[in-house]
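Heads up, the sequence shown is in this note's numbering, so the first residue is 7 and it goes up one at a time.
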Amino acid sequence: MKPILIFPKPQVSARDKLRRIPPKPVTPSPARQGLRLNASFTLLKSSFSRAALSIDPAGFAPERTLVLEAIGSVDAFYRAASKLSGLEFIQELVGEDIAPDEDFFLEEKKGAGASEKHLKSFLYLTMTSQEALTKLYRYWENYTRQKHYKFPLGLAPLRDLFSRLRSIRYWDASDRLRNTGLVEDWVQRTEGHQENLPVEIDLWFRKNPELRVLAEHRVRELADSSCKCTT
């Protein structure tokens, strides 16, 4: 005997509202980007060659870490970074909301005026070598000087990054402390004559496992020697 299947009474459901696709940011032309950031790229190259890099077995060199601030998330940038010899992708961070200006703004739809909505920025941290920085600079020059420049295979995401690039600079300790309230907390504690202050230390993840172990050991040694305590 076959089972009896009871179906509910058919009803007409309301049409689901189509999901609204968020507007993409309007970005400057390659030529305009060159006018905006050529000086920053040139400064990076010259300061890199002059930097007094300490020989650290852990390979930790903050002065060689680039911070690329882009408007909106740049998908697949880390894959492009891995194809540039000497350029190691470290981390993607959500940056600050940026007020629209003449170079970067949101346009709701064709024919509409520029939106007043703020844009979300993302920070891409990469550790670089002189070779990688030279290559990055060369691709930047080609992008800004050659109309419809075709990037090598696997490096096409650089075009998207360059078009959305708002700033480029070296990483600084202020990046680690910005908007954390740590400095203000330290000031308050020292004014209250507290001798022991809690500190959290973040280690950047390196692809090479040996470098990760060396970095951890180096931090432990520094902590033990400075506070005379065990961790």
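Ideal Cβ positions, reconstructed from N, Cα and C, are used throughout, including at glycine.
Quantities reported herein were computed from a predicted structural model and do not represent experimental measurements.
Worksheet entry | Cβ-based neighbour list, E102, same chain, cut-off 7 Å, excluding 5 preceding and 5 following | Here the question's residue 102 lines up with position 96 in the sequence shown. Once the five neighbours on either side are set aside, the close Cβ partners of E102 are S127.
Worksheet item: Would you report the Cα separation of A162 and D81, rounded to the nearest angstrom?
Response: The count along the sequence shown starts at 1 and reaches residue 162 at position 156. The count along the sequence shown starts at 1 and reaches residue 81 at position 75. Computed Cα separation, rounded: 11 Å.
Discussion item. On the CB-based measure, 16 or more other CB atoms within 10 Å of its CB, does P31 come out buried or exposed?
Written reply: To locate residue 31, count along the sequence shown from 1; it is residue 25. Under this definition P31 is a buried residue.
Practice prompt. Let me know the beta strand (DSSP E) ranges lying completely inside the stretch 99-178, each 3 residues or longer, listed in chain order.
Written response: 125-133, 171-176
Worksheet item: Which term fits P36, buried or exposed, when burial requires 16 or more other beta carbons within 10 angstroms of its beta carbon?
Response: If you number the sequence shown from 1, residue 36 lands on position 30. Buried is the call here.
Worksheet item: For V73, does the three-state DSSP call read helix, strand or coil?
Response: Position 67 of the sequence shown, counted from the start, is the residue given in the question as residue 73. It is a strand residue.
Practice prompt. Just the C-alpha distance for F111 and S52, rounded to the nearest angstrom, thanks.
Written response: Reading the sequence shown from its first residue, position 105 is the one you call residue 111. Reading the sequence shown from its first residue, position 46 is the one you call residue 52. Whole-angstrom Cα-Cα distance: 32 Å.
Worksheet item: Taking the continuous alpha helix (DSSP H) assigned at D81, which residues delimit it?
Response: Your numbering for residue 81 matches position 75 in the sequence shown. No alpha helix (DSSP H) contains D81, which DSSP labels as neither H nor E.
Worksheet entry | Nearest to E75 (by Cα), restricted to the options D178, T186, R172, S180 | Taking the first residue of the sequence shown as position 1, residue 75 is located at position 69. Comparing Cα-Cα distances from E75 to each of D178, T186, R172, S180, the minimum goes to R172.
Item to complete: Say whether the stretch 134-143 touches the stretch 86-95, bearing in mind that this needs 3 or more beta-carbon pairs closer than 8 Å, one atom from each stretch.
Response: yes
Discussion item. To the nearest angstrom, how far is the alpha carbon of L164 from that of R170?
Written reply: Taking the first residue of the sequence shown as 1, we reach residue 164 at position 158. Taking the first residue of the sequence shown as 1, we reach residue 170 at position 164. The straight-line gap from Cα to Cα measures roughly 10 Å.
Item to complete: Evaluate I207 with the Cβ neighbour count: other Cβ atoms within 10 Å of its Cβ, from every protein chain shown; 16 or more gives buried, anything less gives exposed.
Response: Against the sequence shown, residue 207 aligns to sequence position 201. By the neighbour-count rule (16 or more Cβ atoms within 10 Å), I207 is not buried but exposed.
Discussion item. According to DSSP, is Q97 part of a helix, a strand, or is it coil?
Written reply: As a working mapping, residue 97 is identified with position 91 in the sequence shown. DSSP places Q97 in strand when its eight states are reduced to three.
Fill in: Distance between G160 and E85 (C-alpha atoms, nearest Å)
Here residue 85 refers to the residue found at position 79 of the sequence shown. Here residue 160 refers to the residue found at position 154 of the sequence shown. According to the sequence as given, residue 85 is Arg; it is not Glu. So the alpha carbons of these two residues sit roughly 8 Å apart.
Worksheet entry | Contacts around L72, its chain only, beta-carbon distance under 6 Å, and the 5 residues preceding and following it disregarded | By 1-based counting over the sequence shown, the position of residue 72 is 66. Around L72: T132, T134.
Worksheet entry | Continuous alpha helix (DSSP H) stretch holding Q194: start and end | Sequence index remark: in the sequence shown, residue 194 carries index 188 (1-based). It spans 188-197 - the alpha helix (DSSP H) in which Q194 sits, taken as one unbroken run.
Discussion item. When you compare the CB positions of Y143 and F54, do they come within less than 7 Å of one another, or not?
Written reply: Position 137 of the sequence shown holds residue 143. Position 48 of the sequence shown holds residue 54. Contact flag unset, no.
Worksheet item: Straight-line CA distance for K130 to S231?
Response: Translated into the one-based positions of the sequence shown, residue 130 becomes position 124. Translated into the one-based positions of the sequence shown, residue 231 becomes position 225. What sits at residue 130 in the sequence shown is Tyr, not Lys. Approximately 33 Å, taken between the alpha carbons.
Worksheet entry | Residues sharing a beta bridge with V32, DSSP | The residue you call residue 32 lines up with position 26 of the sequence shown. In DSSP, V32 forms a bridge with F111.
Worksheet entry | Three-state class that DSSP yields for K51 in the structure shown | Taking the sequence shown and counting its residues from 1, the one referred to as residue 51 is at position 45. Helix at K51.
Worksheet item: Measuring CB to CB, does T140 end up less than 7 Å from G40?
Response: Start at 1 with the first residue of the sequence shown, and residue 140 comes out as number 134. Start at 1 with the first residue of the sequence shown, and residue 40 comes out as number 34. In this structure, G40 does not lie closer than 7 Å to T140 by Cβ.
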